[in-house]
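Reading through the structure tokens given below for one structure.
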Amino acid sequence: MLLHQITCAFFFLIITIVQCDNHFNIHGPFGKHHSIKNVPSPYGCNRTYGISFPSISLPSMNIMELNVSSTFYVSNQQIIVTWPTISLSCNDDFIGIYFIDIPLLTGACGYFDYEFIQTNQTSMSWQMINLRRPLEFRYYSREKNCAGNYSFVAKSTFVQPLNYNIPEQIHLAYSDRIDQMFVSYVTNSSEYIPECQYGLDPSLLQWHVQGTTITYKASDMCEGQANIPGPQTFIDPGYMHTIILEDIRPSTTYFYRVGNDQHGWSSVRSFTNRPADDINAKVTLIAYGDMGAAPVQPGAKSTMDRVRAQVMTNNITCVLHIGDISYARGIGALWDAFMTQIDPIASYVPYMVGIGNHEYDHVTGGDKDPSGAPGPGGFRPPWGDYGYDSGGECAVPMVRRFHSPSNGNGLFWYSFDVGPVHIVYYSTEHDFLPSSPQHAWLEHDLSSVNRSRTPWLIVGSHRPMYSSIVRDVGDSIKVMLQISLEPMFYKYHVDLNLFAHIHSYERSCPMYQGKCVDDGITHILIGMAGHNLDFDTYTGAKWSLYHDQQFGYTQISANRTYLRFTYHHNVDDAIIDEFELRK
Ligand SMILES: [Fe+2]
């Protein structure tokens, strides 16, 4: 009752005015899905302007409190926020989640995520991610006419992680040698000695090894919103710890946990190392591109659910994610959301990433570009449509989090063996023309493959070399990839060329230069893993054997003589397209 009285009193007393227009964050790292229909506000918040009457201060009376179901949380926990009915609410009143030092009166637009309040609604559920600082929920309401400006109404007590330094975002990656494995995770502490305890029995983790710690600042990135600290731009990303396990055996299951005695340990996870190149080796890979974080990207959750089930039951060897990883684009909290999302998969199988336009593409600030590409914006030929798609990140958040073998150029191009398969990641965001360092490296790598050890050769990149959608006819990057790389791929008998960027599925016949040939390359578009689907019409090209526009993932199973590729719909896990190759 008291709460209700306070509510009524303060609904009119607190008259802080927030001017809102031009907003750039439609993404919801705390599980909220926003759409353009949410306009006018808080979609229209512009924190650059913020407030029109900053001289108004809070009354000295208590502020109405939003109740929370828990003041401590672990990642992915749901917190229920409740409040008394507010009869004069407007249909675009909202509850947002904030760092506690965002000003109450002037900070309405400074949320990480928000949800509009429906008429008579009195509770709301939030899926938490650990941003390593205290957070609070706030209720902002429009003025009496439900137009224009926002007034602060209520807030919750602080909510915070149960343990600020509990290892989060755990993920694995292959390193240079088959007897090595990267194990990486995040905590809040710079004064920290990362450690991994591991062994062959979950109850006896008898070996341990220590690792190293890195982080990054806003100024480490190239340009734009990535350089701007703020809840919808750069946030302190915490500290990324990486440990290299050495001398691990092939085809062997290890149990492990990460952390340390001072700050706490993760739960025990496990992985099975990749097989050596023995004659009986069999591997199963999962591959996709363009996923992003749920629920911002509508297919990400269903992909994660299906892949998680596969990883838990079907001896998956590793995951290939060929670009457009988190779609954070300078919004740091979305990296936390994405890395938290993949932890249940990536802490059990290596998660091998390739570079996409949404991680890398930038216009200025090239001296910060970790790929070392020359020029302020890297590869920007006049015939390409390379833009500002990373939000200024220029791959810095990606290379600080993920790892790869070091035989090429970091995460940008590299190769590795998985049983009978040699996998090569190349970058369509970097110079791939015949005169380029990447082209020379590809030639060297492909010419060095021992096809008796790894009979299957799979290459992967982000942008398509082939697509038969009508709007892609004449796409110059596609044409230049065909001119610059396809002859080399054909010469070295590449079996599969995987790519994404277009958000659908398409498979070619084995082909060369647009024609089906017996010894050709099978090109497969696998950009259907999460981002809004593209619904295109197709040209009817003869080489296009199958195309489809639903959310899904693909699986590649191979031994030395047989390769089976399957495309699964997320909705029912049914196999929608498949083919086999034999050696
Ligand atoms: Fe893309």
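Residues -20 to -1, 1 to 563 (mature numbering (1 follows the signal peptide of the UniProt record, and there is no 0)) are what the sequence shown spells out, left to right.
We treat Cβ as the ideally placed atom computed from N, Cα and C, and that holds for glycine.
By the criterion of a C-beta distance shorter than 8 Å, residue 416 is surrounded in its chain by 410, once the five residues flanking it on both sides are discounted. Between residue 178 and residue 184 a beta carbon distance of about 10 Å is seen, past the 8 Å cut, so the two are scored as non-contacting.
A distance below 8 Å between beta-carbons, with the five flanking residues on each side excluded, links residue 429 to the following residues of its chain, in chain order: 402, 437 and 472. Segment contact: the stretch 321 to 334 against the stretch 145 to 155, three or more CB-CB distances shorter than 8 Å; contact assigned. In this structure, the alpha-carbon of residue 148 lies about 18 Å from that of residue 161. Separation of the CB atoms of residue 289 and residue 280 is rounded to 15 Å, and the pair is thereby denied contact status at 8 Å.
Taking each of 359, 366, 394 and 337 in turn and checking the Cα distance to residue 375, the smallest one comes out for 337.
Counting only the Cα atoms, residue 419 lies some 12 Å from residue 392. Classified as buried, residue 481 has 16 or more neighbouring CB atoms from the shown chains inside 10 Å of its CB. Just so you know, the alpha carbons of residue 213 and residue 45 end up roughly 28 Å apart. Three or more beta-carbon pairs separated by less than 8 Å link the stretch 309 to 320 to the stretch 215 to 229, which places the two stretches in contact. In the displayed model, residue 544 falls within a strand according to three-state DSSP. Excluding residues up to 5 positions away in sequence, 220 and 380 lie with their Cβ nearer than 7 Å to the Cβ of residue 194 in the same chain. Listed in chain order, the alpha helix (DSSP H) runs fully inside the stretch 269 to 305 are 280 to 293, counting runs of at least 4 residues. Set against 8 Å, the gap from the CB of residue 304 to the closest heavy atom of ligand 1 is smaller. Taking C-beta atoms as the reference points, residue 352 and residue 442 fail to come closer than 9 Å.
Cβ neighbours of residue 261 within its own chain (closer than 6 Å, five residues either side excluded): 255, 399 and 400. Remark: the shortest separation between the CB of residue 338 and any heavy atom of ligand 1 falls under 8 Å. Taking 9 Å as the cut-off, the Cβ atoms of residue 253 and residue 159 count as close. The Cβ-Cβ distance between residue 73 and residue 121 falls below 9 Å.
Cβ contact annotation for residue 504 (same chain, cutoff 6 Å, sequence separation greater than five): 478 and 487, in chain order.
Within the same chain, Cβ atoms closer than 6 Å to the Cβ of residue 377 are found at 315, the five residues on either side in sequence being excluded.
Annotated three-state conformation of residue 177 is strand, per DSSP.
Residue 554 counts as exposed, since fewer than 16 other beta carbons sit within 10 angstroms of its beta carbon.
Rounded to whole angstroms, the separation of the alpha carbons of residue 9 and residue 87 is 18 Å. DSSP, read as helix, strand or coil, puts residue 314 in helix. Only residues of its own chain outside the window of five on either side were considered, and among them 207, 209 and 214 have a CB closer than 6 Å to the CB of residue 198, listed in chain order.
Straight across, the Cα-Cα distance linking residue 396 with residue 365 is about 30 Å.
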